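Q: For the sequence shown, our numbering assigns the number 346 to the last residue and increments by one with no breaks.
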Amino acid sequence: MSRFRHSRLQNLTPYTPGEQVKGSVIKLNTNESPYPPVLTPEDFQETMAELHRYPDPEALGLKKALAHHFAVKPSMVAVGNGSDELLHFAFMAYGDAREPISFPDITYGFYPVFAKLHGIAYEEVPLRQDFRLALEDYEGEGPVLIANPNAPTGLALSADSIRQFLDDNPRRLLIVDEAYGDFGAESVIPLTHEYANLLVIRTFSKGYGFAGGRLGVAVASLTLIDDLRAIQYSVNPYNVNALTQKAGELMLARQDEYEARWQELMKLRRRCQQELEKKGMTVLDSKANFLFAKKEGVPGRELYEALKAQGIYVRHFDQPRIKDYIRITIGTANDMEALLNALPF
Ligand SMILES: *Cc1c(COP(=O)(O)O)cnc(C)c1O
2 MSRFRHSRLQ NLTPYTPGEQ VKGSVIKLNT NESPYPPVLT PEDFQETMAE LHRYPDPEAL
62 GLKKALAHHF AVKPSMVAVG NGSDELLHFA FMAYGDAREP ISFPDITYGF YPVFAKLHGI
122 AYEEVPLRQD FRLALEDYEG EGPVLIANPN APTGLALSAD SIRQFLDDNP RRLLIVDEAY
182 GDFGAESVIP LTHEYANLLV IRTFSKGYGF AGGRLGVAVA SLTLIDDLRA IQYSVNPYNV
242 NALTQKAGEL MLARQDEYEA RWQELMKLRR RCQQELEKKG MTVLDSKANF LFAKKEGVPG
302 RELYEALKAQ GIYVRHFDQP RIKDYIRITI GTANDMEALL NALPF
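1) With a threshold of 6 Å (Cβ to nearest heavy atom), would Ser103 be considered close to ligand 1?
2) Take the Cβ of Phe71 as the centre, count every other Cβ of all protein chains shown within 10 Å, and call the residue buried at 16 or more, exposed below.
3) Only counting the same chain, and skipping five residues up and downstream in sequence, which positions put a Cβ closer than 6 Å to that of Ala197?
4) Look up Ile176 in the DSSP assignment and say whether it is helix, strand or coil.
5) If you check the beta carbons only, do Val80 and Val236 fall under 7 Å apart?
6) When the Cα of Lys295 is compared with those of Leu269, Asp161, Asn170, Ile329, which residue comes out closest?
7) Would you check if the distance between the CB atom of Lys207 and the CB atom of Tyr181 is smaller than 7 Å?
8) Identify the continuous alpha helix (DSSP H) that holds Met267 and give its terminal residues.
9) Could you name the residues whose beta carbon sits closer than 5 Å to any heavy atom belonging to ligand 1, keeping them in chain order?
10) Could you tell me if Gln246 is buried or exposed, where buried requires 16 or more neighbouring beta carbons within 10 angstroms of its beta carbon?
11) Return the chain-ordered ranges of every beta strand (DSSP E) run that is complete within the region 131-180 and spans a minimum of 3 residues.
12) Contact check, Gly155 vs Leu292 under 8 Å by CB: the rounded distance?
13) List in chain order: all unbroken alpha helix (DSSP H) runs of 4+ residues lying wholly within the region 14-60.
14) Count the CB pairs spanning the region 185-195 and the region 53-66 that are closer than 8 Å, and state whether there are at least three.
15) CA-CA distance, Met282 and Leu341?
16) Assign Tyr95 to buried or exposed, taking buried as 16 or more other Cβ atoms, counted over all protein chains shown, within 10 Å of its Cβ.
17) Checking 7 Å against the spacing of the C-beta atoms, do Glu179 and Arg203 come in under that value?
18) Given that a residue counts as buried once 16 or more other Cβ atoms are within 10 Å of its Cβ, and exposed if not, what is Met49?
19) Would you call His89 buried or exposed, if buried means 16 or more other Cβ atoms sit within 10 Å of its Cβ?
20) For Pro153, I'd like the list of residues in its chain whose CB is within less than 6 Å of its CB, leaving aside the five on either flank, ordered along the chain.
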């Protein structure tokens, strides 16, 4: 750290992404799709020829396609350079030193990083003993942020229980991060028509195999989208580049291929869960593209190391309550077979 750094940022603890290992390893550690997006170089020829121009800061073509896809108006959509950027915008827009923003004690590790970066007060609300997220535990007035399905547990809430919270708390902002919303959980996007205090965030990184392209989406009432736009135009009006805007439109036009992929993934997830259970593992019921599992008597770190020694990367979180677990991304059928064979029991 240089002596020039702002005093407020001297104790910054940045987010630690999963290892991006290269070479002939089986990578089941960052919840990427094992398949590339349904895109070809030819798709981008026209866009390439226009790259000397700035992209459309409103990304109107893409927003129209997204609006059609999610059955909302284009004015209810914002896009970002990955959903991390939109989450960051949301922390900037709604984080407040007076009322803490609340999120679960076990969830996406980026949330506390954004809060600390901006000096935003936050409260970590413990998940229940069985890792269930109970919205009735969120007392107070400040914004609430949940991932649904949650990470790294994979457990999902029903749309009805989220609706109940919105009905009970009409004056509280609820942000629902649906990063894993393509794999069988109920989406609350339809509720954005009814509730002006609901902000939903999605990503193309997981379901669409577009993590490297960086495209996130926010869906909410007009007034909330206006807040995000104000931040966007104060940080980087051109936050989504022209190639990524084009890619987003094309991926939505090829939605059928993705739906088929997701069906296959869900089947493989079920099979893999059964196999892990046969090996004596405890596996949470996941609605995401990963499984969260433990083996009684074997520390998670040991499992992680044993798999890594065989070239299979999973994610282990060295944090209270979940030390014994590993998070396994659903890869190809071959990847999952290799994983099952590599387990040391
Ligand atoms: C992966 C993930 C994100 C980030 O997605 P990007 O669009 O790649 O930035 C956000 N939230 C959760 C819960 C995630 O797992």
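C-beta atoms are modelled at their ideal positions from N, C-alpha and C, and glycine is treated no differently. Predicted model, so just to flag it, every value in this text is computed and none were measured.
A: Taking the geometry as given:
1) Incorrect: Ser103 has no Cβ contact closer than 6 Å to ligand 1.
2) When all chains shown are included, Phe71 counts as buried.
3) So the list reads Ser222, once near-sequence residues are dropped.
4) Judged by DSSP in its simplified three-state form, Ile176 adopts strand.
5) Judged by beta-carbon spacing, Val236 lies beyond the 7 Å limit of Val80, meaning their Cβ atoms are not closer than that value.
6) Residue Ile329 is the option with its Cα nearest to Lys295.
7) Against a cut-off of 7 Å, the Cβ pair of Tyr181 and Lys207 comes out as a contact.
8) Per DSSP, Met267 belongs to the alpha helix (DSSP H) from 256-279.
9) This criterion selects Gly83, Ser84, Asp85, Tyr109, Ala148, Ala152, Asp178, Ala180, Thr204, Ser206, Gly217.
10) With 16 or more neighbouring CB atoms inside 10 Å of its own CB, Gln246 falls in the buried class.
11) Those beta strand (DSSP E) runs which fall completely within the region 131-180 and span 3+ residues are 145-148, 175-178.
12) Right, the Cβ-Cβ distance comes to about 7 Å (below 8 Å), so this counts as a contact.
13) If we require 4 residues or more, the alpha helix (DSSP H) runs fully inside the region 14-60 come out as 46-50.
14) Fewer than three Cβ pairs drawn from the region 185-195 and the region 53-66 lie within less than 8 Å of each other, which leaves the two stretches out of contact.
15) Taking the straight line from one Cα to the other gives about 11 Å.
16) Label assigned to Tyr95: buried.
17) Against a cut-off of 7 Å, the Cβ pair of Arg203 and Glu179 comes out as a contact.
18) Its Cβ having fewer than 16 others within 10 Å, Met49 is exposed.
19) His89 comes out buried.
20) Apart from the 5 residues on each side of it in sequence, Pro153 sits with its Cβ closer than 6 Å to the Cβ of Phe293, Arg328 in its chain, given in chain order.
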